[in-house]
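Comments concern the structure below.
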Amino acid sequence: MDIRPAATLVLTRDTTEGLQVLLLQRTWDAVFLPGYYVFPGGAVDQQEPLAREHALGPADAQISQTLSLDEGGADYMLAAVRECFEEAGILLAVDADGATIGGHHPVHKERQALFAGERSLAQLCAQHELAIPLDRLAYLGHWITPPGPPRRFDTRFFVTVAPADQTACHDGVETIDHVWMSPADALAEHRDGKRLLGLPTIRTLRILSSFESTEAVMRYAHANPPEPFPDQPWPALKKGQQVMLEPGSPAYDEAAKLDPEGEGSTHAEIVPGQPVEVAAGVIRLTAPNPGMMTGPGTNTYLIGHERFTVLDPGPDHAAHIERILELTGGVIDQVVVTHTHLDHSPATAALKARTNCRVFGLSAPAGASQDQTFAPDDQPEHGDLIVTEAGILKTLHTPGHASNHICYLLLDQQLLFSGDHIMQGSTVVINPPDGDMKAYLEALYDLLAESIRFIAPAHGFLMGHPEAVIDYLITHRLAREHKVAKALAQLAPVTLKDLTAVAYDDVPAAIHGLAARSALAHLVKLKADGKAREKNSVWSVTGENL
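Plus 28 on top of the position in the sequence shown (first one is 1) and you've got the numbering used here.
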């Protein structure tokens, strides 16, 4: 699938309440991100190079070098300016005297012609003797849409201070609303489920939320251009044959980390029983329990060099237990467990009996899916530290998938052992009553405050770009919550089964039983937020903003 070049322009302004940015709401009829609030932007047009002769500031070669491109960097900037004029009605341009144009300049009458493709940016500049001051734009971010969506874009984000004498106005076609607000307020409303934001928008807002003024933002952006986004295939081995991994594929981040020279020495498949050193003093050993819910199997991590800490020893599987003992030489000081589902902790008892190791974790809650044999010696609290030979593990209480779920952060290597809180290639099951969607999302937000470079999940390969991974999970859940809330408002009073059929119409009917558990988790969260109520298994609406 082709990836289209695109550009986005972040407009900022100073107010008495601090820094604000402009967000536009996409139409609900849009194929991509319907109803989401975004920055003005769109695809780079073939007409963009013609506008270069009307650009002021650095030449294309200099801009391209900043953007890690061979050529055409100026075209991204020009596209960002053009799209901002089309979608928001604000044009960053100067007249023949070098003065920034205001809201009453006659070029504003040409906005619809530009939007309709009847005129180009170059033609408008020539007609009105305007120039585009590219030196007023700063390169802020780079995002390539991950594989999966029907449309993929290679998007460059630029930031500029909005012209003081121009008023934003959404176009009424592609965008149906606009708002100026502080980055912190936008993020808070997203967290509360009041405003839909996509992953790259969230990441950009998080950067901007650190600054109090437009001057500080521009100074930062000019001094800190983003690192190039990984866009080159990476060699690896699969079934003995060399393959090329595309960016975004499951094994890509692990292959790039473990084989930085690109020699093709890593494996693009997870084989149960085959140890893989994923970090200094950290070996991944996958249990032979593949399945729909476990993927290639449950990952056990052996932490240490001569004396070991075993993280998530896995199911009570004799061969897997013996393999753990073989690789550690039986020198196991401690076992730490993320949670007590049956594919994670049951092997603890056998290791305790064989090595007399100390066991860390939280006791199992009630339920048939829980390991009631789990008997911890220590029940760590959030923030507690556990010493291992490979470094210190920080305990992070992350309920949601399970009420007793813990993630562990290996501080020196910034490696997060995420258990089932974050899994690769699969949506985490949130199954009430022990599963809690509200707690799950809040725990994800809390992880964003930690210093993490890689995620080591209980199922799958190492995952890079942790902030992007976490943001995606939050966005995915909030988008589904919005759909559940919308279906509830449309159908109420409604049973869980009937609501699931509408809110999960994009999911095969064969798994609507499982989807209903997720729908229930969202309804329980909406109830906790004061937006839904339930009586006699029938759900209704309460509160506002549904």
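Yeah, the Cβ is synthetic: ideal placement off N, Cα and C, and Gly gets one too.
- Give the secondary structure of Ile160 by DSSP, where H, G and I count as helix, E and B as strand, and everything else as coil. If you number the sequence shown from 1, residue 160 lands on position 132. It is a strand residue.
- Task: Rounded to whole angstroms, what's the CA-CA distance from Thr94 to Leu476? Just pull it up for me.
- Result: One-based indexing of the sequence shown puts residue 94 at position 66. One-based indexing of the sequence shown puts residue 476 at position 448. C-alpha separation (whole angstroms): 28 Å.
- Query: Quick one: what does DSSP say Thr426 is sitting in, helix, strand or coil?
  - Reply: Taking the sequence shown and counting its residues from 1, one reaches residue 426 at position 398. Thr426 carries a coil assignment under DSSP once its states are collapsed to helix, strand and coil.
- Item | Nearest residue (CA-CA) to Ser446, options Asp440, Thr455, Tyr436 and Lys525 | One-based indexing of the sequence shown puts residue 446 at position 418. With distances taken between CA atoms, Ser446 lies nearest to Tyr436 out of Asp440, Thr455, Tyr436 and Lys525.
- Item | Inter-residue CB distance, Pro324 and Ile349 (contact presumed, cutoff 8 Å) | For the purposes of this step, residue 324 is identified with residue 296 of the sequence shown, where counting begins at 1. For the purposes of this step, residue 349 is identified with residue 321 of the sequence shown, where counting begins at 1. The pair is not a contact, with the Cβ atoms about 19 Å apart (cut-off 8 Å).
- Task: With a threshold of 16 other CB atoms inside 10 Å of the CB of Gln452, please say whether the residue is buried or exposed.
- Result: What you label residue 452 is simply residue 424 of the sequence shown in a count that begins at 1. So Gln452 ends up on the buried side.
- Task: Report the three-state DSSP secondary structure of Glu562 (helix, strand or coil).
- Result: Within the sequence shown, the letter at position 534 stands for residue 562. In the three-state reduction of the DSSP assignment, Glu562 falls in the strand class.
- Item | Same chain only: Cβ atoms within 8 Å of Pro261, ignoring 5 sequence neighbours per side | Taking the sequence shown and counting its residues from 1, one reaches residue 261 at position 233. Correct list, in chain order: Met272, Leu273, Glu274 and Pro275.
- Item | Nearest to Asn459 (by Cα), restricted to the options Ala513, Thr328, Val552 and Ser210 | Position 431 of the sequence shown, counting from 1, holds the residue named residue 459. With distances taken between Cα atoms, Asn459 lies closest to Val552.
- Task: Please go through the segment 466–531 and give each complete alpha helix (DSSP H) segment of 4 or more residues, from N-terminal end onward.
- Result: 494–519 and 524–531, all fully within the segment 466–531.
- Query: Around the Cβ of Met320, are there at least 16 other Cβ atoms within 10 angstroms (buried) or fewer (exposed)?
  - Reply: As a first step, residue 320 is located in the sequence shown; it is residue number 292 there, counting from the start. Burial call: exposed.
- Query: Opposite Ile129 in the DSSP bridges: which residues?
  - Reply: On the sequence shown, position 101 is the one that residue 129 refers to. BP columns for Ile129 are empty, so no partner.
- Three CB pairs or more closer than 8 Å across the segment 199–210 and the segment 163–170: The segment 199–210 is not in contact with the segment 163–170.
- Task: Run the CB neighbour count on Ala556, radius 10 Å, all protein chains shown included, and call it buried at 16 or more, exposed below.
- Result: In the sequence shown, residue 556 corresponds to position 528, counting from 1. By the 10 Å Cβ count, Ala556 comes out exposed.
- Item | Helix, strand or coil at Phe143 [DSSP, three-state] | Sequence index remark: in the sequence shown, residue 143 carries index 115 (1-based). In this structure, Phe143 counts as helix in the three-state DSSP scheme.
- Taking the runs of the alpha helix (DSSP H) that are 4 residues or longer, which of them lie wholly in the segment 213–297? DSSP assignment within the segment 213–297 yields the following whole alpha helix (DSSP H) runs of 4 residues or more, N-terminal first: 227–236, 242–251 and 280–286.
- Query: Does DSSP put Leu95 in a helix, in a strand, or in coil?
  - Reply: Translated into positions along the sequence shown, residue 95 becomes position 67. Reduced to three states, the DSSP call for Leu95 is coil.
- Query: Which value, in whole angstroms, describes the spacing of the CA atoms of Glu572 and Leu61?
  - Reply: Counted from its first residue, the sequence shown places residue 572 at position 544. Counted from its first residue, the sequence shown places residue 61 at position 33. Residue placement at Glu572 cannot be trusted, given a pLDDT of 49 that sits under 50; what the coordinates show is reported in the next sentence. Rounded to whole angstroms, Glu572 to Leu61 spans 23 Å at the Cα level.
- Are there 16 or more other CB atoms within 10 angstroms of the CB of Gln302, so buried, or fewer, so exposed? Numbered from 1 along the sequence shown, position 274 holds the residue referred to as residue 302. With fewer than 16 other beta carbons inside 10 angstroms of its own, Gln302 counts as exposed.
- Message: Please report the distance separating the alpha-carbon of Ala11 from that of Gln155.
- Response: Nothing in the structure corresponds to residue 11, since the chain is present only between 29 and 574.
- Query: If you run the structure through DSSP and keep just helix, strand and coil, what is Cys197?
  - Reply: The residue you call residue 197 lines up with position 169 of the sequence shown. Three-state DSSP puts Cys197 in coil, outside helix and strand.
- Coarse secondary structure for Phe60, derived from DSSP in three states: Position 32 of the sequence shown, counted from the start, is the residue given in the question as residue 60. Correct three-state label for Phe60: coil.
- Task: With DSSP as the reference, label Cys385 as helix, strand or coil.
- Result: By one-based count along the sequence shown, residue 385 stands at place 357. Correct three-state label for Cys385: coil.
- Item | Environment of Gly502 [buried if 16+ CB atoms lie within 10 Å] | Locating residue 502 in the sequence shown gives position 474, where the first residue counts as 1. Correcting the residue identity first, residue 502 is Ile in this sequence and not Gly. It is buried - the Cβ of Ile502 has at least 16 other Cβ atoms within 10 Å.
- Could you name the residues of the same chain whose beta carbon sits closer than 7 Å to that of Leu548, not counting the 5 residues immediately before and after it, in chain order? Reading the sequence shown from its first residue, position 520 is the one you call residue 548. Cβ within range, chain order: Pro460 and Leu524.
- Query: Looking at Gly463 and the ligand NAP, is the gap between the Cβ and the nearest heavy atom below 7 Å?
  - Reply: Absent from the structure shown: the ligand NAP. Ligands present: none.
- Task: Measure the beta-carbon distance from Ile331 to Val310 and round it to whole angstroms, keeping in mind my assumption that it falls under 8 Å.
- Result: Numbered from its first residue, the sequence shown carries residue 331 at position 303. Numbered from its first residue, the sequence shown carries residue 310 at position 282. The pair is a contact, with the Cβ atoms about 6 Å apart (cut-off 8 Å).
- Task: Note down, one range per segment and in chain order, each alpha helix (DSSP H) of at least 4 residues found wholly within the segment 300–379.
- Result: 346–356, all fully within the segment 300–379.
- Between Cys153 and the rest of its own chain, which residues show a CB-CB distance below 8 Å, the 5 nearest in sequence each way excluded? For this step, residue 153 is matched to residue 125 along the sequence shown. Closer than 8 Å at the Cβ level, and outside the excluded window around Cys153, lie Ala79, His82, Ala121, Ala159 and Ile160.
- Message: Do Leu438 and Ser397 have their beta-carbon atoms positioned less than 8 Å apart in this structure?
- Response: Here residue 397 corresponds to residue number 369 of the sequence shown, with the count starting at 1. Here residue 438 corresponds to residue number 410 of the sequence shown, with the count starting at 1. No, these two residues do not count as a Cβ contact at 8 Å.
- Roughly how far, in whole angstroms, is the beta-carbon of Ser568 from the beta-carbon of Pro521, given that I think they are within contact range, below 8 Å? Within the sequence shown, numbered from 1, the residue matching residue 568 stands at position 540. Within the sequence shown, numbered from 1, the residue matching residue 521 stands at position 493. Contact flag correct, Cβ pair sits at about 5 Å.
- Distance between beta carbons of Thr426 and Ile420, contact taken as under 8 Å: In the sequence shown, counting from the first residue as 1, residue 420 sits at position 392. In the sequence shown, counting from the first residue as 1, residue 426 sits at position 398. Not confirmed; about 18 Å, so no contact.
- Given a threshold of 16 other Cβ atoms within 10 Å of its Cβ, counted over all protein chains shown, does His132 qualify as buried or as exposed? Working through the sequence shown from its first residue, we reach residue 132 at position 104. Residue burial annotation: His132 is exposed, with fewer than 16 other C-beta atoms found within 10 angstroms of its C-beta.
- Message: Please state the DSSP three-state secondary structure of Val552.
- Response: The residue given as residue 552 occupies position 524 in the sequence shown. Secondary structure at Val552: helix, using DSSP grouped into helix, strand and coil.
- Since I believe Ala392 is in contact with Thr368 (beta carbons under 8 Å), could you give me their beta-carbon distance rounded to a whole number of angstroms? Sequence index remark: in the sequence shown, residue 368 carries index 340 (1-based). Sequence index remark: in the sequence shown, residue 392 carries index 364 (1-based). Yes, they are in contact, since the Cβ atoms of Thr368 and Ala392 sit about 4 Å apart, within 8 Å.
- For Met29, does the count of other Cβ atoms within 10 angstroms reach 16, so buried, or fall short, so exposed? On the sequence shown, residue 29 is found 1 positions in, with the first residue counted as 1. Annotation note: pLDDT 48 at Met29 (below 50); position unreliable, no value reported.
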